[in-house]
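**Q** For the sequence shown, the positions run 1 to 132 when my numbering is used.
Structure below; questions to follow.
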Amino acid sequence: MDAKYLLSRFLPQDPELFQEITASHKEPYYSLSLYEAGKNFFLSGSYNVGLKLLEFSYEKRPTPEKQKLLGIFYLISGKDDQSVKLLKDFKKDPEAMFYLATAYYRTEKEKKVLKSLKNLFKVLTILEKFRK
Numbered sequence: 001m002d003a004k005y006l007l008s009r010f011l012p013q014d015p016e017l018f019q020e021i022t023a024s025h026k027e028p029y030y031s032l033s034l035y036e037a038g039k040n041f042f043l044s045g046s047y048n049v050g051l052k053l054l055e056f057s058y059e060k061r062p063t064p065e066k067q068k069l070l071g072i073f074y075l076i077s078g079k080d081d082q083s084v085k086l087l088k089d090f091k092k093d094p095e096a097m098f099y100l101a102t103a104y105y106r107t108e109k110e111k112k113v114l115k116s117l118k119n120l121f122k123v124l125t126i127l128e129k130f131r132k
C-alpha cells in the first residue's frame with residue numbers, strides 16, 4: 001500500500017488537497033506534504049492513516065523532526081517498542097526524553113526509566129541555568 005492510495009481513500013471529500021499533495025512528487029515537497037497530511041490525519045483521530053503517511057514521509061526523507069514526531073505518535077498508538085527505537089537518539093531534547101521514559105515504563109524496563117528520568121533532570125537543570 002502506498003501513500004497515494006491511502007490519500008485517495010481518505011481525501012475524496014477534498015479533491016484540491018489530494019491533487020496538491022499527490023502532484024508534488026519532487027523532493028522535498030512530496031515527503032513534506034506526506035508529513036503534514038500524516039500529522040493532520042493523526043491529530044484529527046485517523047491514527048492508522050496518519051501513522052502510515054508519516055512512515056512514508058520518514059522513509060523518503062528522514063529528518064530529526066519527523067523521527068521525533070513519529071516516535072511520539074507510536075507511543076500514543078501503543079507501539080512502545082517502535083517508539084523507543086526512534087526516541088532514544090534524542091539525548092538533549094526534554095520532550096523526547098519524557099516520552100522515551102514513558103515508553104520504557106510501558107515496556108517494563110525500570111532501570112532504563114530511572115536512567116532516562118535522571119538524564120532528563122540533568123538536561124532541565126542545565127536549561128534552567130541558561131534561562132537565568
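Note that beta-carbon positions come from the ideal geometry of N, C-alpha and C, so glycine has one too.
Note that the structure is predicted; figures quoted are calculated from it, not measured.
#1: Please state if the CB of Leu75 and the CB of Phe90 are separated by a distance shorter than 9 Å.
#2: Taking all protein chains shown into account, decide if Thr125 is buried (16 or more other Cβ within 10 angstroms of its Cβ) or exposed.
#3: Could you tell me the alpha carbon to alpha carbon distance between Leu69 and Lys129, rounded to whole angstroms?
#4: Quick one: grab the DSSP three-state call for Met1.
#5: When burial is assigned at 16 or more other CB atoms within 10 Å of the CB, is Gly174 buried or exposed?
**A** Concretely, from the data shown:
#1: no
#2: exposed
#3: 27 Å
#4: Residue confidence for Met1 is low, a pLDDT of 48 falling below 50, so the modelled location carries little weight and cannot support an answer.
#5: Absent from the structure is residue 174, since the part of the chain shown begins at 1 and ends at 132.
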